[in-house]
Amino acid sequence: MKEMKTVVIYGSTTGTTEAVAQDVAGELGAVAIAAADADAMALDGCNFLVLGASMWGMGDLQDDMADFISRFESMDVTATCGAVFGLGDQVGFSDSFVDGIADMAGALAGKGLNLVGDWPADGYAFSASRAQDGTHFSGLALDQDNEPEKTADRIVAWVLQLKKEVQW
Ligand SMILES: Cc1cc2nc3c(=O)[nH]c(=O)nc-3n(C[C@H](O)[C@H](O)[C@H](O)COP(=O)(O)O)c2cc1C
Numbered sequence: 000m001k002e003m004k005t006v007v008i009y010g011s012t013t014g015t016t017e018a019v020a021q022d023v024a025g026e027l028g029a030v031a032i033a034a035a036d037a038d039a040m041a042l043d044g045c046n047f048l049v050l051g052a053s054m055w056g057m058g059d060l061q062d063d064m065a066d067f068i069s070r071f072e073s074m075d076v077t078a079t080c081g082a083v084f085g086l087g088d089q090v091g092f093s094d095s096f097v098d099g100i101a102d103m104a105g106a107l108a109g110k111g112l113n114l115v116g117d118w119p120a121d122g123y124a125f126s127a128s129r130a131q132d133g134t135h136f137s138g139l140a141l142d143q144d145n146e147p148e149k150t151a152d153r154i155v156a157w158v159l160q161l162k163k164e165v166q167w
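Taking numbering that gives the first Met the number 0, the leading residue of the sequence shown gets 0, the next gets one more, and so forth.
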């Protein structure tokens, strides 16, 4: 078992993603930090970086996470692995369901992190998503608006998958 310092950074406008991020962090034994507060110090010594956010507008990443990603591009990053999760509404925003997962995944990959934790898209009912790559999303998709009862099990299964993929 490796010594793994994991940091979860979340962007949440009305608090839904914040609550989910606390659960994800709990499963990972990590701390959860609001994207608005996340600076280079917060990432110091981090090996495994998890980003999570909701979607606003039409497939836009939540504002605090979008701002974090702009800052992240010029930060020194020690993490070698990363994963992302996104919250969306597959009924109300069926054409842009969890689109911003793609932006978070792109930001991590752009900094050279090895992205783990892709997630099957077949358990959802939506029309289109930028986050979908073939049969999978590039991270965990959660929908607290329409299927909150599935979230806890999805988080547990995803975190197990992450630990296997990074050989924790
Ligand atoms: C105005 C508005 C726009 C939204 N746009 C999207 C969207 O494009 N794609 C999506 O999957 N969900 C979308 N959502 C759903 C939110 O991402 C979802 O409700 C989320 O749980 C909010 O989390 P938060 O409270 O952490 O910000 C939208 C919700 C609202 C109210």
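Don't be surprised by glycine CBs; every beta carbon is placed ideally from N, CA and C. All figures in this text were calculated on a predicted structure; none of them were measured in a lab.
- S69 and A108 have their C-alpha atoms roughly 14 Å apart.
- For T5, the enclosing beta strand (DSSP E) begins and ends at 5 to 10.
- Residue environment for S137: buried (at least 16 other C-beta atoms within 10 angstroms of its C-beta).
- Counting every other CB atom within 10 Å of its CB across the protein chains shown gives S95 a total of 16 or more, marking it as buried.
- DSSP, reduced to helix, strand and coil, places M54 within a strand of the structure shown.
- For Q131, the CB stays at least 8 Å from every heavy atom of ligand 1.
- One thing to note: V7 has its Cβ no nearer than 9 Å to the Cβ of G44.
- Counting the other CB atoms within 10 Å of its CB gives L159 a total below 16, which places it among the exposed residues.
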